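Data block below; observations after.
Numbering (mature numbering (1 follows the signal peptide of the UniProt record, and there is no 0)), first residue to last: -23 to -1, 1 to 992.
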C-alpha cells in the first residue's frame, strides 16, 4: 500500500476514534443534564428566583448549587450538589444515581420528605452526604454504609425510624462522621459500628435506642465525640469506652445505664472536655482523678445515685459548669471542694441542689469566679450564715439557697448583685428585717423569702424591682401595712404575690387594681381590716385569690364579676356581710369557693358551682343567716319573694355591664386616686409618685412645648422630651395629639384603651394621660410616657448615632419584640393587634433594652365591651400601618388579625439583618425586600448589613454590646435561621405565616444556640 493510501486509512481511523470519543463524552454530559432535570422535576421551591430557577439554560456547571470537575475526561462531570436552606420541597428521586461522579450532596435545612433512596448506594464516588434538618422518614438504606469512600454521613433532625443498619463483615469504610441525632431510630446499637476504624464522631442522641452499649465501640481509637444521650439504653458501660483516650465529648446521660465510674476516669480520658452523664442510674463516688483531666469544661452528672464527698476540681482551668444536683447522697466533707473552685476563673454554673451537703457555708463561696452566673445550693442541710462577701459575685443571675438551715440576717450586700434574676432564700431560719437594698435589683424577676423568721415591715423600696414577676414573703412575722407602692409600681407581677401567714395590718391598698397580669394573690391569715377594694376587679387574669383569715368587712364588691377566669377563691374567716353575689354562678372555671365563717345573708345561688353541694368545692358553713331555695340540709329555706326572678335578671345584667364600665374608667379613676394620695416615699427614691398632671404641668416640663425639646413627630402627634421636677427630676416623653388632624382623637382613644391594661417589660410604659383644655380653650390630649434615651431601632440601623448593633444585640431585640407580640396576641385580655410595628416604633431604654410603643392604630381582636359604643376590631377593614410594613391582605380589605403583625415582624427582622428599609429605592417593580433576600440565600454575605459583617469579622467598631467571639459557621447558621424565619413571617398569604408562639420558640432557640457557641 502506498503512503497516501496509508495516510487515508489512518485518517479514517482517527476520525472514527474522535467521533466515537466525542459521542461518548457528549453522552455522559447529557446523562448528567438529564439527571439534574429529573431531580428538579421532583422538587419545588416557593421562591421563583431560587436555585432551581437557574436549572434550565446554559452550561449545567453554571447552575446554582451545582459543581463540576474536568478531572474525569475532556468534558466536565457533576461532582457536588450544594443547596442548603433553599426551601426545597419534595423527594429525592432515584435518578440521582445517574450522577455517577457525584462526591458531595449537601441539602440541609430544607423541607425534603419521603424515604432516602437506596439508589444513593450506587454512587461509588460519594464521600459526603448531609441531609440533616429535613423531614425524611422510613429507614436508613443499608447500601449507604457500604460506600467505601464515604467520610461524612449526616442525617440529624429527620423522622427516620427502624434500626441502624449493620455493616458487612470486613467493611473498610472510611467514615469519620456519623450523625443520627433527633430521629426515631430504635433497636440496638450494631456492634459492627466498631469496625469503622476512622470514625471521629458518632452522634445518635435523642432516639429510641435500646439494649446495651457494644463493647466493640472501644476499638474506635480515633473517636472524639460519642453521644448516646436521650435514649433508652441500659446495662453497664463497657470499660473500653472509658479508655478511648481521644474522646473530647462523652454523652451517656438520660438513659437507664448503671454501674460505677472507673477511679482512673480522669487519667484514661485526658482530652475530655464535656462529660454528659445526667439522669441515669450511675452510682458510687465521683472519681477524684477528674482533677487530672485539665481540658474539662463541663461536668454534668446530675440526677444519679452518686455518693461520697465531692472531689476537688480546682486544678481545671477551663471548667465552666458543674451540675451534680439531685444525687441525694453527695456530701461536702470539709468543703475543700468549694474552696478549690476559687481557682476556676471561668466557672459560670454550679448546681448542687438536692444533695446531702452539711456544715456551715464557708466564706470562700464569696471568692468564686466573678463569671459565676448560677449558684444553686438549695435543698441540702447547710447551716451558718450567708457571707457578706457574696456581693463579690457580680455576674450572678440565679442564687438558690432555699430549703436549708441557714440563719442570721439577710446580708444587705445582695442588693449589689445587679444582674440577679432569681433570688430564693425560702425555707431557712433567717431573721431580722428584709434589706431595703434588695430594691436596687432592677433585673430581679423572682424573689422568694417565705418560711423564715423575718420581721419588721415590708420595705417600700421593693417597688424598685420593676421587673418582678413573682414575690413570696409568706410565713414570716412581718407586720405593718402593705405598702401601696408595692402594687402601684410592681405592675409586672404575673406569676404570684403571696403575703400570707404574717401579721400585716391596715387595709388592702386600692392600687392592687394595677396588678392586671397577676395569676395568684394570697393575703390570707393576716390582720387586714377594711373592705375588699373594688379595684381588685381589674386583675382580670387572676386564677387564685385568697383573702381568708383576716378582719375584712362589708360586701363582696360587684366589680369582682370581671374575674371570669378565677379557679380558686377563699374569703373565709372574715366579717363579710350582704348577699352572695350571683355572678359567682357565671364563673365557669371556678373549682373551689370558700365563703365560710362570715356574716353573709340571703339566698344561696343555685347555678354554677352552687349546683353541686360537694364540700370539696364549696364551703358556706358558719353563715347562719344564709338560706336556700333548693334542698340543702345545713341551711333553712328562704321565704318566697315575688321579685326574686326580676332581681336575678338585674344581677346578671349588672354582672356583664359593671366589669366593662369599671375597666373602661379604670385608667382615669386610678390616676385621680393617685393624685389625691400624698407621696410618702423618701426623697432619694429614683421613681416619684406622679399626681394627675395638668396642661400647665406638661407645659412647664417641656419648656412650653419648645421646639428644642421636640424629639419626634407623626401624622397625628408631636412628641416632646420633658422633665418633671418634684422631689427628683424624672425624664418623660409627652405625646401631644394634633386634634385638628383627622383621626388624631381616635388615636388617643385607641392608645388609652390599648395601654390601660397592658403590662409587659418590653412595652413603653404609659405613666399617665392628660385630657383637658389649653389656656386658649382648645381641647388638649396627651400621653405621658417613660422616656427612652437611646433612640429607635431606625436610628440604630440607619444613622448609627448610638453605635453599631452587634449580632448578639440584634438577636436579643428580635426575642424581645416577639415576646411583646406573644403577650398582645395570646395573653392580653382581650387580645390586641398592634397594626403599626416598624423600627421607628421600637425604642431603647438606658440599658439598650428594646420596647415597643405607639399604639395609636392598635385594635382589640375582639370587642371588649359591646356596650361601650366601639366596634369590634375584627370588623375593621382596610390598610392599617406604615408603607412597607403593612400586611398585603389589609390592602385588599381583609380584617385586622394577628397575622398582620406577624408580617410586619418579618419585615422588621429582614431590615434588622440587612439594614435596608422596605421602601429603599432599590425595591421597585416586582422586587421587594422579601424577594431580594429570598433570591440571595444562602449567600448571606451579599445582603447582610455591612456593619454586621465587619463586626463579625472582628473589625474595631463602637458596638452597643461587645461582640462575643463565635465560629463563623455558628454565626452564619444563626443568621440563616433568622432570615428563613423572617421570610416565612413575611409571606404574602396569612395562612403561610407561623404563629407567634412558634416564632418565640424559634428565636429563643437561636439565642440559646448563639450564646452556647461562645468561645
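Using N, Cα and C, we set each Cβ at its ideal position, and we do this for glycine too.
Since this is a predicted model, take the numbers as computed values, not measurements.
Alpha carbon to alpha carbon, how far is residue i from residue j?
i	j	result
residue 469	residue 974	20 Å
residue 754	residue 710	24 Å
residue 681	residue 758	15 Å
residue 411	residue 440	13 Å
residue 545	residue 886	42 Å
residue 216	residue 200	15 Å
residue 110	residue 964	21 Å
residue 579	residue 425	41 Å
residue 292	residue 245	17 Å
residue 385	residue 162	55 Å
residue 164	residue 187	6 Å
residue 342	residue 113	50 Å
residue 298	residue 554	58 Å
residue 716	residue 722	6 Å
residue 1049	residue 798	Because the chain in this structure spans residues -23 to 992, residue 1049 falls outside the shown range and cannot be described.
residue 182	residue 131	13 Å
residue 73	residue 55	11 Å
residue 93	residue 122	13 Å
residue 504	residue 533	18 Å
residue 185	residue 108	20 Å
residue 479	residue 498	14 Å
residue 285	residue 160	37 Å
residue 30	residue 686	54 Å
residue 395	residue 344	18 Å
In the DSSP output, which residue or residues are listed as bridge partners for residue i?
i	result
residue 105	81 and 129
residue 467	DSSP output for residue 467 lists no bridge partner at all.
residue 253	228 and 277
residue 876	Partner(s): none; residue 876 has no beta bridge.
residue 827	821
residue 88	66
residue 680	According to DSSP, residue 680 bridges with nothing at all.
residue 710	698 and 762
residue 896	Residue 896 pairs with nothing; no bridge assigned.
residue 202	178 and 226
Please return the same chain residues whose Cβ sits closer than 6 Å to the Cβ of residue i, not counting the five positions on each side in sequence.
i	result
residue 59	42 and 83
residue 488	461, 464 and 465
residue 418	397 and 442
residue 168	191 and 193
residue 695	713
residue 221	200
residue 596	571 and 573
residue 57	44 and 81
residue 227	203 and 252
residue 179	155 and 203
residue 409	386
residue 414	389 and 392
residue 958	979
Keeping to the same chain, check which residues put their C-beta closer than 8 Å to that of residue i; ignore five residues upstream and five downstream.
i	result
residue 358	333, 334, 335, 381 and 382
Using a Cβ-Cβ cutoff of less than 7 Å, which residues in the same chain neighbour residue i once the five nearest sequence positions on both sides are dropped?
i	result
residue 550	525, 526 and 574
residue 95	118 and 120
residue 486	459, 461 and 464
residue 880	864, 962, 963 and 970
In chain order, which continuous runs of the beta strand (DSSP E) of length 3 or greater are located wholly inside the stretch 733 to 806? 743 to 750 and 756 to 763
Which full runs of the alpha helix (DSSP H) of 4+ residues lie inside the stretch 288 to 361, going along the chain? 313 to 317
Does the stretch 251 to 262 come close enough to the stretch 234 to 242 to have 3 or more Cβ pairs within less than 8 Å? yes
Do the stretch 859 to 869 and the stretch 762 to 773 touch if we need at least three Cβ pairs shorter than 8 Å? no
The stretch 445 to 458 contacting the stretch 427 to 435, beta-carbon criterion three pairs below 8 Å: yes
Quick one: complete beta strand (DSSP E) runs, 3+ long, within the stretch 110 to 194? 129 to 131, 136 to 139, 154 to 156, 161 to 165, 178 to 180 and 185 to 187
Entirely within the stretch 365 to 427 and at least 3 residues each: give me those beta strand (DSSP E) ranges in chain order. 375 to 377, 399 to 401, 406 to 409 and 423 to 425
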